[in-house]
Amino acid sequence: MAKQCQLFEIDRSKKNEISFLCPYAHHKKIKTILKDATLTEWQFQHFGPVTMLTNGKKYAGLFVGFAIFALFYLVQSQFVIRCNVYGNKQVQQCEIVQFVESNFPKRKSKINLEQMQFSLMKRFDQISFCSCIIKGQTLLVSIKEKVVPEEMIGNFAPIVAKYDGRITKIALVSGTVTVKVGDVVKRGDILVQPYTINSAGQKMEVEADAKIEADVYWQGSVDHYDKRIEVVRTGRVFENNQIMLWGLEIYKYEKSKTFEMYETEISINPLSKNIIFPFILKKTKFYELKEVHIESNFEDVREEYVEKAKTKALEICESCDTIKEEFYTVRHLAGVTIVNYCIITQEEIGEKDVG
0 MAKQCQLFEI DRSKKNEISF LCPYAHHKKI KTILKDATLT EWQFQHFGPV TMLTNGKKYA
60 GLFVGFAIFA LFYLVQSQFV IRCNVYGNKQ VQQCEIVQFV ESNFPKRKSK INLEQMQFSL
120 MKRFDQISFC SCIIKGQTLL VSIKEKVVPE EMIGNFAPIV AKYDGRITKI ALVSGTVTVK
180 VGDVVKRGDI LVQPYTINSA GQKMEVEADA KIEADVYWQG SVDHYDKRIE VVRTGRVFEN
240 NQIMLWGLEI YKYEKSKTFE MYETEISINP LSKNIIFPFI LKKTKFYELK EVHIESNFED
300 VREEYVEKAK TKALEICESC DTIKEEFYTV RHLAGVTIVN YCIITQEEIG EKDVG
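So the sequence shown is numbered by numbering that gives the first Met the number 0: it starts at 0 and just counts up by one.
What follows is the structure, encoded as structure tokens:
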């Protein structure tokens, strides 16, 4: 048999049993040889696609399913089902995908990639270069965006004054100045606008940048009255006591004595030293008050009131180490003298308006 047919994987498992494989084309010849031989029993088992084709009815469902799958794959492979964008930072990916889907077909054979690249660059000003390729069923869009200077992508906020003062120096970097040296400005006034006018008379937005210095005025004021009424303590006082436990009053000692005018001071002291329960002693002191009519000559207390006004001005001054000048003024009205102390400092007053 081996001389007439191709045999392989011959396995003689027992003395009277043997198994082997042969090509499907030789199985009929081998069957003839076995019939002529004095063998009691033999058995054929077929494998491979030829067997499946021979027994087509048995595998009809599998063939139909494979045919439908192949047809579906062949049809859908002709279309682009997704779009991936690379290199974008300024332009949103969803904007590019929406533009492509709205203006170009999905069938591969009808997509003009060169036209797509040109249309994307024309539609989006931020794109300087564009490359489109189809890989499988994916459209790959690779873009390169234009480099925009930082001064052209700022928030274009104006520079405003953060203090009241008089402009002493302006060093403009970019933008349009709205003030000049010597102008008096108030806090919040616009100093530099975020735009410039080019040689063609066109308005171009830019980042406002400038260093603006000014004399800033810090003022403190006090009033002196020639005649005034002050409320003072007379020195008379009485005290009420309460003992409390967990907010509840346990004991109370109260005098019925009262004053026509008084002010109170309350103190709370714990009594829980060496005691388990948290007792507290609440003391209330009543101080008698009276009105006193005082007459005062301003000239006698001028220095005292000037110092008070200066102290108020220093309290609001943010950079006392850069004091340029200080002075005070006195105004006399009907029975009232107003002392106004002014401290002048040199400050950089420009800041971005954050809205």
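No residue lacks a Cβ here, since even glycine has one placed at the ideal position from N, Cα and C.
Excluding the 5 residues flanking it on each side, M260 has same chain C-beta neighbours closer than 6 Å at L288, in chain order. Less than 8 Å divides the Cβ of I267 from the Cβ of K281. Distance between Y340 and K226, taken at the CA atoms: about 23 Å.
Looking at the DSSP output, D188 sits in no beta bridge, so it has no partner there. Shown here, K134 sits in a strand according to DSSP, grouped into three states.
The three-state reading of DSSP puts N102 in helix, counting H, G and I together. Within the segment 288–349, the complete beta strand (DSSP E) runs of at least 3 residues fall at 322–331, 335–347. Membership of K251 in the beta strand (DSSP E) is indicated by the continuous run 247–252. Per the C-alpha coordinates, the member of I166, N197, E302, C21 positioned closest to V338 is E302. Here V215 really is in contact with I348; their C-beta atoms are around 7 Å apart, less than 8 Å. Under the three-state reduction of DSSP output, T177 falls in the coil class, being neither helix nor strand. When C-alpha distances from P193 are compared across V205, K143, K185, G200, the shortest belongs to V205.
Annotation: the continuous beta strand (DSSP E) that includes Y216 extends over 208–224. Membership of E113 in the alpha helix (DSSP H) is indicated by the continuous run 112–122. Beta-bridge pairing by DSSP links F7 to L20. Contact check for I142 and G86: beta-carbon distance about 5 Å, within the 8 Å limit, so the pair qualifies.
In the DSSP secondary-structure assignment, E229 is bridged to V291. Under DSSP, C82 takes part in a beta bridge, and its partners are L138. If you ignore the 5 residues before and after Q5, its C-beta comes within less than 7 Å of the C-beta of C21, P22, H25, all in its own chain and listed in chain order. The beta carbon of V96 sits closer than 8 Å to those of C82, V84, all from its chain and outside the five residues before and after it, given in chain order.
Sequence-distant Cβ neighbours of K185 in its own chain, meaning closer than 6 Å and more than five residues away, are D163. The continuous beta strand (DSSP E) containing V159 extends over residues 158–160. In this structure, the beta-carbon distance from K161 to E212 does not fall below 8 Å. Contact annotation, T177 with L190: C-beta distance approximately 6 Å; criterion of less than 8 Å satisfied.
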